[in-house]
Amino acid sequence: VLYYLVRVEPFTTLAIQLQGGKFDHADRMFSDISATWNGVLEDMSDVKELVPELFYLPEALTNENSIDFGTTQLGEKLDTVKLPAWAESPIDFIQKHRMALESEYVSAHLHEWIDLIFGYKQRGKEAVAANNVFFYITYEGTVDIDKISDPVQQRATQDQITYFGQTPSQLLTVPHMKKMPLAEVLHLQTIFRNPKEVKPYVVPSPDRCNLPAAAIHASSDTVVVVDMNAPAAHVAQHKWQPNTPDGQGTPFLFQHAKTTTSSGGGTFMRMFKAPAATGEEWQFPQAVTFSVSGIRSQAIVSITCDKEIITGGHADNSIRLISSDAAKTLETAYAHCAPVTCVSLSPDSNYLVTGSRDTTVLLWRIHRALVSNSGVISEHSPRTGTPSSNSSGSSSILTEKDRRRRIEGPVHVLRGHRSEILSCCVNSDLGIVVSCSHSSGVLLHSLRRGRLMRRLDGVQAHIVCLSSEGIVMTWNESKHTLSTFTLNGCPIAETQLSYFCSVSCLEISVDGRSALIGINSLPNGGSYNNSLNLHMTKSGVVDLDLESEETNEKNRIDVPSPSLCFLDIHTLQVFHVLKLEEGQDITAVALNKDNTNLLVSTSNKQLIIFTDPALSLKVVDQMLKLGWEGDGLRPLIKS
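Under the UniProt record's numbering, think of the first position of the sequence shown as 1, with each following residue one higher.
What follows is the structure, given as structure tokens:
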């Protein structure tokens, strides 16, 4: 561990302590990937195993702290680790190293390594036959330190174990089973893994889908759609069953939400909107609130794992928890001094971050609902953290416990921005909050302590998102660039889009390897003309004088719009494009939990579901083998 991680604290200090107050000789330290590879393969005394950091931490290969490790016998100063020819940078090496570790080849042979290290080939005749025999003192139980009477011999034995290492405990005495091939694991057949097999399916009766949508959430049995009127949004809760054929050529079941028909928009709504169009309309429950203008609807809506909706953009600077079945306000929380401009939930729905025009980002804790219809707090409920009076003894105490606030906080006030927050995101597994604003760039805060950890120098962003692997992805509207960074602020990749396109939606796959962007057209450059240097030629043709036009020609995304682009998150190279029809600008996208289905809302009020139709047949086949019969299969069984 200290050999590989000597460039990173606290391992630098521990390495010095291990060597008696100084570094080991430079020739014996970790300096070259190729030399270490050859040493492990050829040197009988070199039995090092790789540490996890060499699959995710590029800083383990660079001398970020400018430490003097000494000079080799050839006069070379020891610094950054030399990489193989196939690695362009430490970040590139770590990414490719990780891909190799998680490749199908390694998966197919992983059980063989387990047999050698932890299994039946660790000891005995099988170990001898596999050339897997080590010095006897490294094996568990072969030496009892306490029974060595000579203190010099005892110390020598302890030092030998410390420096040479120990063989792990033997866990298995029979061969380990082989890992199942990836193609046979149905829930891993995501649209990112098999994009060319993905087909579009338009949900019928789009007028009953509550479109166009500002936000969509797809669970295993429900699709929640929030329309573009957010925060005073209509909410529809549809039933569906993904990857289950309906018997009519569609690889999923979809049942529209219950609605009421009306020929008018209602007296109250006519006060705020134009008169309703003639003809029958499908009415969905609507949240009653006063909204603030100038805030993008998609940025102020987030849907929890419990299918409840959190909204910002209210005139009273609040955030609200709204039910998806009746659009009723379950709870209201106050803490910002200005309207909330963006909200985002962690993937597990345990944490919420909100950004505001007051330049702060607030972190909240979200508690899951124990009983769906209990503890409902109206929109006039007291502020979060404000105690309510108890006048009925123990019964009131019980009521307060039942009515424990669903939105707890704010847990932390995250500072550092100097203007309105444009976008924010949070990941509880990584313990990181990422946010961006016009004047302060991109900031990373600690979820645990609320401290500012890092500012991405010189990075301007209008949308930010965070992958499960710890990669920050940003979209800059002014320069029309997509960029990725490590959590330590190192640039990974950058690509540019045409100035006549815009990114409307940005999602990252559940495995953190791929990104999905929704691209819409901008007529004549749209609202972004003010960010370009435009010159009118004598012939009246507009000339776009872009400094990056030549330098970034190689790293451009040139795709039709509207479309959905699949990108490799490490290189930002497009590996697949789903083209939509003209006029189908994308307003919202959603991936189901296992990323086997992609739901897309368009501006012409269409709900399109992209999925691999062959996957549903494989799921049915597997269920039939298990003796399962459900409503989704009855049409098939009857036929």
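We put the beta carbon where it would ideally sit given N, CA and C, even for glycine.
Cutoff 6 Å; reference residue i; Cβ partners in own chain excluding five residues on either side
i	result
residue 133	127
residue 438	419
residue 517	503, 506, 565
residue 236	210, 225, 257, 284
residue 638	Since pLDDT at residue 638 reaches only 40, below the 50 mark, its modelled position is unreliable, and the value read off the structure follows with that caveat. Excluding sequence neighbours, residue 638 sits near nothing in its chain.
residue 101	55
residue 493	484, 571, 572
residue 417	359, 437, 440
residue 111	176, 178
Of the residues the options, the one placed nearest residue i, counting alpha carbons only
i	options	result
residue 202	59, 620, 626, 606	606
residue 72	162, 618, 25	25
residue 74	28, 115, 42, 114	28
residue 317	259, 331, 581, 292	292
residue 251	612, 485, 508	612
residue 404	65, 332, 576	332
residue 610	35, 617, 603, 578	578
residue 407	329, 239, 99, 249	329
residue 55	30, 608, 4, 13	4
residue 114	559, 174, 207, 191	174
residue 472	478, 479, 462	462
residue 305	585, 98, 366, 458	366
residue 78	85, 84, 70	70
residue 186	460, 600, 603, 595	595
residue 34	11, 510, 83	83
residue 64	123, 593, 490	490
residue 593	139, 149, 189	189
residue 583	514, 498, 303, 602	602
residue 560	575, 580, 567, 568	580
Under the three-state DSSP convention, the category residue i falls into
i	result
residue 2	coil
residue 174	coil
residue 232	coil
residue 86	coil
residue 155	helix
residue 521	strand
residue 648	Lying outside 1 to 639, the shown extent of the chain, residue 648 is not represented and no answer is given.
residue 427	strand
residue 405	coil
residue 55	helix
residue 99	helix
residue 562	coil
residue 124	helix
residue 108	helix
residue 482	strand
residue 314	strand
residue 160	helix
residue 495	strand
residue 307	coil
residue 359	coil
Proximal residues to residue i (C-beta, below 7 Å), its chain only, five neighbours per side dropped
i	result
residue 614	197
residue 241	221, 252, 253, 632
residue 48	3, 40
residue 208	256, 259, 282
The beta strand (DSSP E) enclosing residue i, as first and last residue numbers
i	result
residue 199	199-202
residue 579	574-579
residue 437	432-437
residue 355	351-356
residue 227	222-227
residue 441	441-446
residue 597	597-602
residue 476	471-476
residue 330	329-334
residue 284	Residue 284 -> no beta strand (DSSP E), and no H or E assigned at all.
Beta-carbon contacts of residue i that lie in its chain and below 8 Å, excluding the five residues immediately before and after
i	result
residue 62	7, 80, 81, 90
residue 597	191, 218, 242, 243, 252, 591, 609, 610, 611
residue 144	none
Residue i CB to nearest heavy atom of the ligand FAD below 7 Å
i	result
residue 466	Judged by which ligands are present, the structure shown has none, so any question about the ligand FAD falls away.
Limits of the alpha helix (DSSP H) - the one that residue i falls within
i	result
residue 623	613-625
residue 12	11-18
residue 34	33-42
Closer than 8 Å to chain C by CB, residue i
i	result
residue 615	Absent from the structure: chain C. Only one protein chain is present.
Okay, do the region 343-354 and the region 426-437 touch, 3+ Cβ pairs below 8 Å being the bar? yes
Would you call the region 318-330 in contact with the region 443-451, where contact means no fewer than 3 C-beta pairs closer than 8 Å? no
Quick one: any contact between the region 162-172 and the region 113-128, if contact means 3 or more CB pairs under 8 Å? yes
Pair every Cβ in the region 241-252 with every Cβ in the region 306-321, then say whether three or more of these pairs are closer than 8 Å. no
So, do the region 104-112 and the region 171-191 have three or more beta carbon pairs nearer to each other than 8 Å? yes
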